[in-house]
Amino acid sequence: MVDLPDASTLERTAPPIPTQRASFDALDEEINLGEYLAILLEYKWFLLAVIFITGLGGGLYAFLATPIYKADALLQVEQSLGGGLTALAALKPMLEGTEADPVTTELELLQSRMVLGQVVDRLKLDLYAEPMYVPLIGAAIARHYTGEGVSLPWLGAETYAWGGEEITLDALDTPPALLGEDFTLVAGEAGRFTLFDPDEQRLLEGQVGERATGGGVSLFISRLKARPGTRFTLRRDSRITAIDELLEQLSAQERTRGSSIIEISLLGPQPAQLTQILDEILQTYVRQNVERRSAQSENTLAFLETQLPLLKDQLDAAEAAYNTYRLQEGSVDLTSETQSVLKSIVEFDAEILKLQQERDDLRQRYTPAHPTVIALDAKLNRLRTGREKLDAQVSKLPITQQRILGLARDVEVNTRLYAGLLTTAQELRVARAGTVGNVRIVDVAVALDEPVKPRKALVLAVTLVLGLVLGLGLVFLRRQLQVTVDDPEQIEHRLGLPVYASIPHSKREVAIARVLKRHRGDEGQLLAIVDPEDDAVESLRSLRTTLHFALMDADNGALLITGSSPGLGKSFISKNLAVVLAQSGKKVAIVDADLRKGLLHQGFGLSREQGVSEYVSGVARLEEILKATVLPNLMAITTGQRPPNPSELLMHLRFEELLQQLNKLFDIVIVDAPPVLAVTDAAIVGRMTGATLLVARAGNHPMRELEQTIKRLAQAGVQVKGFVFNDLDVNRLRYRYGYKGYVYRYSYKKS
């Protein structure tokens with residue numbers, strides 16, 4: 077057994093020795109704030125990349141998206157009937173019923189096809205004519221063109237528009253089957269153009285300012301500004317489609333509940349066209365509102381004009397009969413009693429006739445069961461009852477008085493009715509000329525100078541936030557799905573084995589590895605020699621201290637260093653640990669037992685030849701394979717020639733004899749062996765050494781792989797003492813645990 081020094085002679089900065097845990101308790105997966113910060117630092121470049129990509133996407137969208145502008149206007153709905161309807165005041169109580177909220181009614185009318193259809197027809201909104209742009213980017217490029225005339229084509233794409241093109245389509249008549257289909261117009265020289273159907277078949281050729289007809293299609297173009305060969309898309313939509321598209325962009329609502337102020341807005345890509353369309357909507361709506369408000373007086377006037385000739389004939393006949401009777405009977409005077417009865421009869425008959433005419437007017441709109449008609453019938457019945465009582469009084473008068481009374485009554489009643497209806501008709505004619513609606517325009521249409529969407533700053537901010545959220549989600553999802561070991565505590569909790577040292581990631585070692593790969597054989601390319609102050613080297617010095625306890629009960633001073641799979645850094649640990657042990661005054665030998673792919677010789681600047689293979693084969697002696705290094709008390713044995721049967725050579729007695737001789741000559745022997753799960757070599761060598769350390773690399777293995785490695789070695793009779801945790805992210809642990817990982821420095825300041 078090798079005699080190792082007391083711990084008191086070693087570095088005073090050694091960390092406390094981890095104790096082996098017998099239990100295999102599950103690891104507490106609770107993540108604190110520090111762990112979150114550590115995870116973010118670990119994936120910071122990925123997170124920044126996601127944010128950059130989403131932000132770039134948002135920026136491209138803000139640049140490429142067609143800007144949408146908004147025009148708005150205000151209307152006021154008046155609650156009272158408009159002026160000019162006073163002639164109907166007497167009829168209003170009978171015409172009134174339960175009415176809906178006038179603002180709600182006007183909102184529905186404003187957005188009706190009755191109004192919007194007239195706007196579509198007047199402004200020809202069912203016609204579409206636009207230049208053809210390169211997909212995705214062409215329209216944006218054209219919008220940003222500010223030069224004179226028409227832009228030159230980009231990248232030779234002469235058939236596309238690039239800015240400055242204009243077209244005005246005044247008429248496009250197509251068969252019904254081609255409504256909604258896209259036609260292609262190709263600009264020619266001197267205002268000429270050619271039109272193609274949706275199947276790219278030539279339909280006609282025409283000239284700007286002249287109607288062109290061909291193939292069942294007729295169109296009129298009043299303006300065309302474009303390079304020859306530039307293509308335009310023309311289309312005529314159905315009337316209902318154009319109305320629906322206009323309705324989608326139109327919004328109308330009461331500005332404040334109960335205010336009777338309606339706010340109307342329209343969205344679209346062209347501000348000037350928006351104000352034109354919205355103004356036309358307002359004018360059309362107000363015009364139809366006036367027409368609707370005057371329709372009642374129109375209907376009443378029409379009815380009265382049919383009744384006036386009839387009443388005139390009745391009046392003439394009554395006067396003729398009255399005059400004829402007086403001539404026949406001579407002068408007949410009415411008594412005061414008869415005159416009183418006559419006056420009452422005339423008033424009753426005039427009222428009954430008036431109400432009967434009103435009832436006839438109402439029956440044109442309502443059924444007999446309507447409450448207004450029923451109320452009018454009840455009033456007529458009461459008047460007729462009173463009239464019958466007067467008839468009873470008349471029947472008691474002399475025959476001459478009865479006859480003259482009847483004739484005088486007819487003249488008086490018809491005179492009153494005719495004069496009253498004549499006056500009413502004249503009032504209605506005046507009302508018709510002066511009728512105003514119950515809505516008025518408060519603010520005319522005005523378009524905003526800046527587009528309402530996309531809001532570039534908002535789009536960029538939202539996409540950056542979405543990128544942050546998406547990036548965080550992906551990072552923590554990966555964290556949840558991660559099955560690799562990234563913390564030495566996981567090993568101690570799950571496997572019950574101590575982690576003797578945690579070696580932080582070393583950028584300098586990465587650079588050294590690159591140099592060795594390019595220039596094999598250079599001397600002194602070991603981290604412990606090139607940069608002895610590196611944190612990784614400091615951790616190896618801590619490992620040097622703890623080895624005293626690891627080898628305390630070992631059969632010999634040979635230490636096997638291996639791992640579960642390639643690429644863990646076991647050779648890095650072996651070489652640099654050998655250096656720091658030698659620097660402490662120990663006589664150290666390092667053996668490359670990876671006869672298949674061993675590269676230990678590169679770090680020391682040695683050749684592979686004359687090594688383990690030659691000794692075990694009996695062609696070289698021990699003194700011939702021991703090779704000096706940069707340190708006088710550190711000797712190295714390389715692999716030698718690569719044998720065809722590495723496992724058999726390691727099982728040979730001469731290899732065991734080699735280790736025994738080295739144990740006698742050196743304080744400690746480090747054996748670098750191949751990965752355990754790849755080949756059986758490490759299990760073979762492990763039976764000959766006093767202790768075995770496994771190298772684990774942060775974020776490189778699932779826990780099951782380490783368990784399988786321990787199990788494989790145990791089956792061969794090799795007990796693992798513990799682990800060396802390599803390539804640890806110190807920054808992550810600093811945030812997780814609140815201190816600088818597992819690495820401490822204790823040294824003199826440089827002057």
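The opening residue of the sequence shown carries number 77 in our numbering; numbering runs sequentially from there. Just so you know, even glycine gets a beta-carbon here, dropped at the ideal spot from N, CA and C.
Leaving out five residues on either side along the sequence, give the residues of the same chain with a beta carbon under 7 Å from the beta carbon of residue i.
i: alanine 138; result: Pro530, Lys532, Val535 and Leu536
i: leucine 212; result: Leu140
i: phenylalanine 325; result: It is glutamine, not phenylalanine, that sits at residue 325 in the sequence shown. The residues are Leu342, Leu343 and Gly344.
i: glutamate 381; result: Ala501
i: leucine 702; result: Met711 and Ile713
i: alanine 205; result: Ile243, Leu245, Phe308 and Leu310
i: arginine 788; result: Val752, Leu753 and Ala759
i: aspartate 355; result: Val520 and Ala521
i: serine 647; result: Leu675, Leu676 and Asp748
i: arginine 763; result: Ala792, Gly793 and Val794
For the beta strand (DSSP E) that residue i lies in, which residues bound it at each end?
i: arginine 311; result: 307 to 312
i: leucine 682; result: Where leucine 682 is concerned, there is no enclosing beta strand (DSSP E), given that its DSSP letter is neither H nor E.
i: valine 800; result: 798 to 804
i: alanine 759; result: Counting along the chain, alanine 759 falls outside any beta strand (DSSP E), though it belongs to the alpha helix (DSSP H) covering 757 to 762.
i: leucine 254; result: First-last for leucine 254: undefined, no H or E at that position.
i: glycine 290; result: 287 to 290
i: lysine 301; result: 293 to 301
i: glutamate 154; result: Unbroken run through glutamate 154: none, as it is neither H nor E.
Can you say whether residue i is buried or exposed, counting buried as having 16 or more other CB atoms within 10 angstroms of its CB?
i: serine 582; result: buried
i: serine 689; result: buried
i: alanine 114; result: buried
i: glutamate 434; result: buried
i: methionine 628; result: exposed
i: isoleucine 713; result: buried
i: methionine 190; result: exposed
i: alanine 749; result: buried
i: serine 416; result: exposed
i: valine 655; result: buried
i: glycine 661; result: exposed
i: serine 336; result: buried
i: asparagine 365; result: buried
i: threonine 705; result: buried
i: leucine 109; result: exposed
i: aspartate 79; result: Its pLDDT being 41, under 50, aspartate 79 is placed unreliably by the model, and the measurement read from it follows with that caveat. The residue in question, aspartate 79, is exposed, as its Cβ has fewer than 16 Cβ neighbours within 10 Å.
i: glutamate 172; result: The predicted model places glutamate 172 with a pLDDT of 45, which falls under 50 and marks its position as unreliable, so this point remains unresolved.
Identify the continuous alpha helix (DSSP H) that holds residue i and give its terminal residues.
i: leucine 279; result: Element bounds for leucine 279: not the alpha helix (DSSP H) but the beta strand (DSSP E), 278 to 283.
i: methionine 779; result: 779 to 791
i: aspartate 748; result: Note, aspartate 748: premise wrong, no alpha helix (DSSP H); beta strand (DSSP E) at 744 to 748.
i: glutamine 556; result: 532 to 557
i: leucine 199; result: 189 to 199
i: tyrosine 63; result: Past the edges of the chain, shown from 77 to 827, lies residue 63, and the structure says nothing about it.
i: alanine 604; result: 603 to 606
i: leucine 183; result: 178 to 186
i: arginine 268; result: That residue, arginine 268, is in no alpha helix (DSSP H); its beta strand (DSSP E) goes 268 to 272.
i: arginine 516; result: Unbroken run through arginine 516 is the beta strand (DSSP E), 515 to 523; no alpha helix (DSSP H).
i: lysine 740; result: 729 to 741
i: alanine 767; result: Where alanine 767 is concerned, there is no enclosing alpha helix (DSSP H), although the beta strand (DSSP E) it sits in stretches over 767 to 773.
Can you give me the Cβ contacts of residue i inside the same chain, cut-off strictly under 6 Å, excluding the 5 residues immediately before and after it?
i: glycine 256; result: Asp313
i: alanine 393; result: none
i: aspartate 246; result: Phe296 and Ser298
i: valine 487; result: Ala394, Glu395 and Tyr398
i: lysine 168; result: Its pLDDT being 47, under 50, lysine 168 is placed unreliably in this model, and the coordinates cannot settle the point.
Report all residues from its chain with a CB closer than 8 Å to the CB of residue i; omit the five preceding and five following residues, and keep chain order.
i: threonine 443; result: Val449
i: lysine 301; result: Val226, Gly240, Glu241, Glu242 and Ile243
i: glycine 798; result: Pro94, Gln96, Leu573, Pro574, Val575, Tyr576, Ala626, Leu769 and Leu770
i: histidine 728; result: Val692
Could you tell me how far apart the beta carbons of residue i and residue j are, in whole angstroms, since I believe they sit closer than 8 Å?
i: valine 551; j: phenylalanine 122; result: 7 Å
i: threonine 142; j: threonine 539; result: Rounded, the Cβ-Cβ distance is 18 Å, inconsistent with contact.
i: leucine 271; j: valine 293; result: 7 Å
i: leucine 769; j: threonine 785; result: Their Cβ separation, rounded to whole angstroms, is 12 Å, which puts leucine 769 and threonine 785 out of contact at 8 Å.
i: glycine 572; j: isoleucine 744; result: Wrong, their Cβ atoms sit about 26 Å apart, outside the cutoff.
i: asparagine 709; j: lysine 663; result: 5 Å
i: threonine 491; j: leucine 391; result: 6 Å
Which whole runs of the alpha helix (DSSP H) in the segment 323 to 409 are 4 residues long or more, in chain order?
-> If we require 4 residues or more, the alpha helix (DSSP H) runs fully inside the segment 323 to 409 come out as 347 to 405.
Residue ranges of each beta strand (DSSP E) run of no fewer than 3 residues wholly in the segment 624 to 708, ordered along the chain?
-> You should have 634 to 639 and 664 to 668.
For the segment 213 to 265, which segments carrying the alpha helix (DSSP H) assignment without a break, of at least 4 residues, lie completely within its bounds, in sequence order?
-> Inside the segment 213 to 265, DSSP marks whole alpha helix (DSSP H) runs of 4 or more residues at positions 214 to 219, from first to last along the chain.
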